[in-house]
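Heads up: the sequence shown is residues 1 to 267, going by my numbering. Accompanying notes for the structure given below.
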Amino acid sequence: MPTPPVTGPLCTRGSLAEDLRELGVRPGETLLVHSSLKSLGWVCGGAVAAVQACLDALGETGTLVVPTHSGDNSDPALWENPPVPEEWWTEVRAAIPAYDPATTPSYGIGVIPEAVRTWPGALRSAHPQTSFAAIGPGAARITRGHALDCLLGERSPLARLEEVGARVLLLGAGYDSCTSFHLAEYRVPGPMTEVSFAATTPEGRTWLTVRDTSITSERFDELGADFERDKDVVRGTVGAAACRLFPVRDAVAYAERWLAVHRPREE
Numbered sequence: 001m002p003t004p005p006v007t008g009p010l011c012t013r014g015s016l017a018e019d020l021r022e023l024g025v026r027p028g029e030t031l032l033v034h035s036s037l038k039s040l041g042w043v044c045g046g047a048v049a050a051v052q053a054c055l056d057a058l059g060e061t062g063t064l065v066v067p068t069h070s071g072d073n074s075d076p077a078l079w080e081n082p083p084v085p086e087e088w089w090t091e092v093r094a095a096i097p098a099y100d101p102a103t104t105p106s107y108g109i110g111v112i113p114e115a116v117r118t119w120p121g122a123l124r125s126a127h128p129q130t131s132f133a134a135i136g137p138g139a140a141r142i143t144r145g146h147a148l149d150c151l152l153g154e155r156s157p158l159a160r161l162e163e164v165g166a167r168v169l170l171l172g173a174g175y176d177s178c179t180s181f182h183l184a185e186y187r188v189p190g191p192m193t194e195v196s197f198a199a200t201t202p203e204g205r206t207w208l209t210v211r212d213t214s215i216t217s218e219r220f221d222e223l224g225a226d227f228e229r230d231k232d233v234v235r236g237t238v239g240a241a242a243c244r245l246f247p248v249r250d251a252v253a254y255a256e257r258w259l260a261v262h263r264p265r266e267e
């Protein structure tokens, strides 16, 4: 069977940076990017070129932030894709490598975040499941203080991004990946849950279970559609990717109101 032809458009570091500027990305701002590389087209240089383009658009005074989550560092009893046999659970819990910001790879969120994670000078937050990585002068402020019992709440980088007036760029990604909506979940009544992972403590590697707010992206696509209908969301394309650009603060405030009405949850 012949190899299918490459499909475009052809995207380069320069063309992507220009598209980002035309979309409205500003030099000096802090930008939280949720991304899909394949949505852009054929990118010469792949994820590295995409990151370079973001940094070019932001300039030396801007800060690029991405989720570098590692959801595979979790209780195997909850795994579904694929599940593992129950008789393995104890051994898996004992063997999962402890989270290390320098070496633990991101998992299931695309190749652009992984490129940022390994970028020279990048900083990464401390949560074993829901870390964020950042490049730029604001990286330390954004990534510090990510508490082990706060996946995506007030003591996570999302709250710091809200404080500094950051914006979200959905770069070919949907609203179901918009982590800013999760910060709103911490501000409306909802249940708590147990979260487990392998962490490094002063005593060494530990399998840790903490109490945290229960979060879910259920109905985030509907929430995003209503948010875009009611608020000023910049829409455009970068390469072939449909993009959305909006302030973290606006997304969180809107989601607080929307979730309380449309997705109430019992405590």
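Using N, Cα and C, we set each Cβ at its ideal position, and we do this for glycine too. Being a predicted model, the structure only gives us computed values, none of them experimental.
Taking every protein chain shown into account, the CB of H262 has fewer than 16 other CB atoms within 10 angstroms, so this residue is exposed.
Non-local beta-carbon contacts of S125 in its own chain, meaning distances under 6 angstroms to residues more than five positions away in sequence, involve S131, F132, T143, H146 and P157 in chain order. Excluding the 5 residues flanking it on each side, T104 has same chain C-beta neighbours closer than 6 angstroms at S70, in chain order. Contact check between the segment 43 to 59 and the segment 11 to 25: three or more CB pairs, one atom from each, fall below 8 angstroms, which counts as touching. Taking R155 as reference, the option from D250, R21 and H182 with the minimal CA-CA separation is H182. For S125, the three-state secondary structure derived from DSSP is coil. The beta carbon of D75 sits closer than 6 angstroms to the beta carbons of S196 from its chain, once the five residues preceding and following it are set aside; these are given in chain order.
For V111, the enclosing alpha helix (DSSP H) covers residues V111 to R117.
In this structure, G59 sits away from P83, with a CB-CB distance that is not shorter than 8 angstroms. Residue pairing for C150: DSSP places it in no beta bridge.
Boundaries of the alpha helix (DSSP H) harbouring V48: G46 to L58, taken from the DSSP string. By the C-beta density criterion, P137 is exposed, having fewer than 16 other C-beta atoms within 10 angstroms. Spanning the alpha carbons of R187 and E91 requires a straight line of approximately 37 angstroms.
The segment 246 to 265 and the segment 203 to 211 do not touch, with fewer than three beta-carbon pairs separated by less than 8 angstroms. As computed with DSSP, R205 is found in a beta bridge with T200. For Y107, the closest of N73, P264, E86 and E80 by C-alpha to C-alpha distance is N73. By the CB criterion at 8 angstroms, G239 and L16 fall inside the cutoff. In the assembly as shown, L78 is an exposed residue. Its beta-carbon has fewer than 16 other beta-carbons within 10 Å. DSSP, reduced to helix, strand and coil, places Y99 outside both helices and strands of the structure shown, so it counts as coil.
Contact annotation: the segment 85 to 102 does not touch the segment 161 to 179, with fewer than three C-beta pairs closer than 8 angstroms. For R21, same chain residues with a beta-carbon under 7 angstroms away, outside a window of 5 residues either side, are A57 in chain order.
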